[in-house]
Each structure stands twice: as structure tokens, then as C-alpha cells.
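Taking this note's numbering, the leading residue of the sequence shown gets 11, the next gets one more, and so forth. Quick reminder that beta carbons are idealized off the backbone N, C-alpha and C, glycines included. Keep in mind that this is a model prediction, so the values were computed, not measured. What follows is one structure encoded as C-alpha cells, with my remarks underneath.
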Amino acid sequence: MHKIKLRSLGFIMGIAGACLLCSFAFNGTKTKPPVHDDQQPRIVNIVNFIRLCEPRDKKITEDILYETVVKQIALMRKYKLKGTFLLQYDALCDPRYQRLLKALPADSFEIGAWWEMPQPLVEDAGLKWRGSAPWDPRADVDFATGYSPAERKKLADTYMIKFKSVFGYYPKSVGSWFMDAYTLNYLYKKYAIVASCNCKDQIGTDGYTLWGGYWNQAYYPSVKNAYMPAQHESNQIPVPVFRMLGSDPVRQYDNGLGTNRQGVVTLEPVYKFGGGDSAWVHWYFKQFVQGESLAYAYVQAGQENSFTWKAMKKGFKIQLPLISHLRDEKKLRVETLAASGQWFRQHYKVTPPTAVTVNHDLPGSNRKTVWFDSRFYRMNLLWHNGTLRFRDIHLFNEQFASPYLTQKSTSTRSSFFTLPFVDGHRWSAPQRVAGLRFKTILNGKDVSIRGKNPHITRTSPGVLHISWPIGNSRDTLMMDLNERQIKMKMNGTPSIRWFLDLSAAAGAALPFRHIGPHRIDCRFEGMNYSIVSRSGSFSTPGDSVAFRMTPENNTIILNLSGRSKPN
11 MHKIKLRSLG FIMGIAGACL LCSFAFNGTK TKPPVHDDQQ PRIVNIVNFI
61 RLCEPRDKKI TEDILYETVV KQIALMRKYK LKGTFLLQYD ALCDPRYQRL
111 LKALPADSFE IGAWWEMPQP LVEDAGLKWR GSAPWDPRAD VDFATGYSPA
161 ERKKLADTYM IKFKSVFGYY PKSVGSWFMD AYTLNYLYKK YAIVASCNCK
211 DQIGTDGYTL WGGYWNQAYY PSVKNAYMPA QHESNQIPVP VFRMLGSDPV
261 RQYDNGLGTN RQGVVTLEPV YKFGGGDSAW VHWYFKQFVQ GESLAYAYVQ
311 AGQENSFTWK AMKKGFKIQL PLISHLRDEK KLRVETLAAS GQWFRQHYKV
361 TPPTAVTVNH DLPGSNRKTV WFDSRFYRMN LLWHNGTLRF RDIHLFNEQF
411 ASPYLTQKST STRSSFFTLP FVDGHRWSAP QRVAGLRFKT ILNGKDVSIR
461 GKNPHITRTS PGVLHISWPI GNSRDTLMMD LNERQIKMKM NGTPSIRWFL
511 DLSAAAGAAL PFRHIGPHRI DCRFEGMNYS IVSRSGSFST PGDSVAFRMT
561 PENNTIILNL SGRSKPN
């Protein structure tokens, strides 16, 4: 991300045993990794984006920024790694970058567009510059959402004309921290782009929020909302949007609970805990190549040059040899962003179900997690100290239009949301963490169920199966997730009475308008939507429980693909 001081919050993250490098060696593992082929690949994009200047720090000169890109290229070539460089307009206009990038072999390096709006682009498009420096990172100045649709067309045409005059073709990939649907659709229809990328989920980092989206991998966005996956081919922009930065699947979500701004725990090489730490990097890629992913796994490596080579060098020198080694072992493949976009379009007419699975956490922690995404919803399960809870469930609806679709933003803080059903971050406080918890009754009290290690597999295309043995019993909770529903069943004749309770912090802005026996009606940001139970019932027992889900015939089935509409 681009605000260095805010992003440095990720430095303070710590965890016991993170320095034990030897415990993450790939050699000697007893877990047999899944077989990967073209139908279930592990894909790595190395994407670096380039700015000409860094007005926030006088010590970061244009020469330092240029030298950063030179060093990135040299290390990528050393390990024979393909990659993508995305150019901000000011760098696109610079002769040094033009010469450097035009000299790269086209079969290994892709040159694309980085969609932030510096002063030269705005003025060359005939618009008035409102920034305080030649590049101003405030959201209403820096991003296309700060401009009207007519202005966005001018900005797009100006960039593309310049790019073609330099390289002789239009870019195939266009990335941004967040991209509006109007611009993305325009770039697809007029300039035939094949891939895009946007920021990971975050709250308040760098002054803007993206929360509740398709958590990782890639999705086809709605024509009304570039952050919202579409449910139908007719309502989607046929450009896959890949999620950037490689979030820590366990820790990133809870970072900053009870505050308005998250820190950062990602693969970005500048972070001391994260992409700049050898133990963390080896752990991350071990889970990446061994965890169940359903369709495919994806991560973006790389860094913008604003951080400088001095800050990112250590992380790059940890990551690139490892990525190269795993590529040579055929455990993952490295390709350009455009190649990934073309592969996605060849394989999927609509957004496929995918998963991110962590079976083994860092030393000193026994947490495990599963992220499941489809075109209808996303879901996260977290195991902690033997207990289990849904940490997150958000629904997707292609009719939920972005407020920036036709109107420009006038705020330095921009927000993108989907439709919440369980939000374990925004509904939490430091002393009360929200979640939908698996519970039972013991000695007349509601207590969390405790179990053993889960077993997570793909039983059929698009279906994730989870088997969770319950602690001191013969019971096993079986879960099946497909793109439309979640099914939970306790096998056999269970010896425990089980149910799920949603708890949230006092004062949390919950979306529930009516809770009936088999349906919960919700409203969020002007959108009405419902969750329907096909088996099991909802109730409101009180005592700080927002709702309870009780099984019928030992089974709960949640339909998460229901029709929603604006009021």
C-alpha cells in the first residue's frame, strides 16, 4: 500500500516462535501436497508498480525510485522469474523508465497500467488539478472515483494514447488500489484489457476501506460495482479482478479490532512481520502449496517502488529464491498478470468457488482457518484453542450499486462494502470479539464446543468438505460448502446438543431487521436481503445473543444465494 507511515503498523505484529526458521523447511514434511495441474494450479504473479515521485518524503528522490525498479528487475532476471510492471502515468512519461522497460524481453515481462491519477495525467486530460503535490494520495484526488464518469473517460483515453505512443500497443492489465466499475468496463470495451487487480480487504488503512469482498484469488465484478462479484454472466464485467498483497489468512482479519484502522500482515516484502520475515514467508508458501484451494490458488508478490529498494531488499531476497525453487519443483507457476487473466477467462464463464486453507499455523499458535469464496458469498471459519466459529459471512449481490458508479467521491476516505451476515471485525470490541460460535450445553450453561484437528478436502468440483471430530465424544461435525449454501450436520446420533450463537459487541450496527424461524431479513447501505434456513431454525434467546441457529434432524442448511433488492 502507498502510505508508508500507516502501513508500518504491521511492523508491531509479533508471534511466539516466528524466528524458528528451520521448522518451515519444505523438505521432510510428512504432509503430501495435493496434485496440481492446469485445472487446479498454484499461481504467483510478481507485480511491481512504478511511481515517478514520492512527495511525502524528500529523501526519496526520483533516482532512488528508479534504482528500486532496476534492482527489482535484476533480481527477477537472476531467478528467471516472469513478472508485471504497472506504470503510473508520470513514470510512463519518463524517458528513463521508457528505455528500461522497452528493453525487457516481452516473453518474460509484461508492462501494464497503474491507475492512480498524478498531476500530469489530470492536466493532460484537460482537467483541473486539485492536489497539493504532483502526486497526492488522497482518495478523492488520486483515484478515478474522485472524477465524474465523463472525466474518467478523458483520463482513460489520455493514458492509453500515451501508452501506445511509447510501447506501440495498449496494456492488457490495469491495476489500482481500487477501481470503479465505470472505468473498468470502459477500459474493457474500448481497450480490451484482460486483467485487473485491487487491494486486499482492509479497514481504514491509507484512509479507505474495502471490506467483505471476494477474499482472495479473482472474481468477475458486477457492472454496477467493481468490488462486488456478479452472480450472472450477463451482469458481469468479463475482466477478472485479482486480490493483491497476499494477506495473512489467520492474522490480517483481526488486526486492529476495536479501532478504525488496521495494520498490515501481508506478503509485501517491506514488512518485518510478514513478507520481510523468512519464517513467515516459508510458512505462508507452505500453506499456499499444500492447502486445499478448490479451483486454484493465487497470490501477488512484489512491491511499489515508493518503499525503496533499501526497505524491500531483504524481503525480495527471501521470497524470490523460494518462489523460483517451488516453481522448479512444479509446486506453483509464475506468470504475468495478463497471462493469469487470460487463463481465468478461458476456464471460467462466471466466478468459481475457491478456498484458502491453513492447516498449520506458525509456532506458538494452534489456529487454523478456511476462507471460502463463491459468486454468491464469502465465508471464514477459525479454529482457536480447539473451538470453532464463523468469523465472517458476507453475501454478494450484483444489484448492489457502488455509490461511485455515477457520482464522484468528494471525501478523502472512500469505502467499499458487501452485505454482512457475520462480521467478526466490525462488530467486535477489544474485550468482546464477535462471531457465530459452535456451542453446546454443559452443566446447564452454554459453552463453546471443543474439538480436534479438522480434515479439509475437495469432495467434488466446487465443493469443500470439512470434518471436525468433537473432543471427548464420538461425534463429528460434517460441513459441506458449495457456491450457494452451507450444510452442517452432526454425524450419527450425536451425544451433545449443538447449536450456533451469534454474539457481537454492545452498540454494534447489526443489519438484522426481522428474525423469523426460517428467515432473517437484513438491511445494509440501502439494500434489503435475506438469509434462509432450509434446515434448522433461528431464534432470539437474548442474553447478548443476536440470534441462535438450532439444527433440525442434526442438520443446518443455510441458503446464501437468496434474491436481494434495493428498497
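The shortest C-alpha to C-alpha distance from M189 to any of R162, P181 and P105 is the one to R162. In this structure, DSSP gives S421 a state outside helix and strand, which the three-state scheme calls coil. Across the structure, W187 and M254 are spaced so that their CA atoms are roughly 9 angstroms apart. According to DSSP, L452 shares a beta bridge with K455. DSSP lists K378 and L398 as the beta-bridge partner residues of W393.
Comparing C-alpha distances from I121 to each of G572, G136, Q98 and K296 shows the shortest one belongs to Q98.
For the 8 angstroms CB-CB criterion, T168 and A116 do not form a contact. The beta carbon of M127 is closer than 8 angstroms to those of Y99, V151, D152, F153, A154, G156, Y157 and L165 in its chain, skipping five residues each way along the sequence. With 16 or more neighbouring CB atoms inside 10 Å of its own CB, V344 falls in the buried class. Listed in chain order, the non-local C-beta contacts of L91 below 7 angstroms within the same chain comprise I56, L330, I333, S334 and V344, local neighbours out to five positions each way being set aside.
It is roughly 19 angstroms from the alpha-carbon of Y230 to the alpha-carbon of G256. Sequence-distant Cβ neighbours of E535 in its own chain, meaning closer than 7 angstroms and more than five residues away, are F427. The alpha helix (DSSP H) runs lying completely inside the segment 181-265 and spanning 4 residues or more are 191-201, given in chain order. Taking one beta carbon from each stretch, the segment 206-213 and the segment 378-387 have fewer than 3 pairs nearer than 8 angstroms; the two do not touch. Straight-line measurement puts the Cα of V555 at about 31 angstroms from the Cα of P363.
Per DSSP, reduced to three states, the secondary structure at V291 is helical.
Excluding its 5 nearest sequence neighbours in each direction, Q246 has C-beta neighbours in its own chain below 6 angstroms: Y230 and A240, listed in chain order. Contact between the segment 311-325 and the segment 275-284 is established, with three or more Cβ pairs separated by less than 8 angstroms. Residue burial is scored here from C-beta neighbours: K199 has fewer than 16 other C-beta atoms within 10 angstroms and is therefore classed as exposed. Within the same chain, and ignoring the five residues on either side of A365 in sequence, the residues whose Cβ sits closer than 7 angstroms to its Cβ are E302, S303, L304, V380, W381, F382 and L474. With a contact defined as Cβ atoms closer than 8 angstroms, V79 and N315 qualify at about 5 angstroms.
Cα atoms of Q409 and K497: separation of roughly 26 angstroms, rounded to the nearest angstrom. A distance of 8 angstroms or more separates the beta carbons of I566 and S540. Taking 3 residues as the minimum length, the beta strand (DSSP E) runs contained wholly in the segment 465-500 are 465-470, 473-479, 486-491 and 495-500, in order along the chain.
Counting other Cβ atoms within 10 Å of its Cβ, I70 reaches 16 or more and is therefore classed as buried. Secondary structure note for E120: its beta strand (DSSP E) is the uninterrupted segment F119 to W124. In this structure, the alpha-carbon of V542 lies about 29 angstroms from that of V251. Only exposed fits A113, as fewer than 16 other CB atoms lie within 10 angstroms of its CB. Each residue's CA atom was taken as its position, placing P471 and L110 some 44 angstroms apart. Runs of beta strand (DSSP E) with 3 or more residues, each lying fully within the segment 289-326, are found at 307-311, listed in chain order.
Rounded to whole angstroms, the gap between the alpha carbons of M238 and Y224 is 8 angstroms.
Under the three-state reduction of DSSP, V542 is assigned to strand. Your pair F557 and L512 checks out as a contact, with CB atoms roughly 5 angstroms apart and the cut at 8 angstroms.
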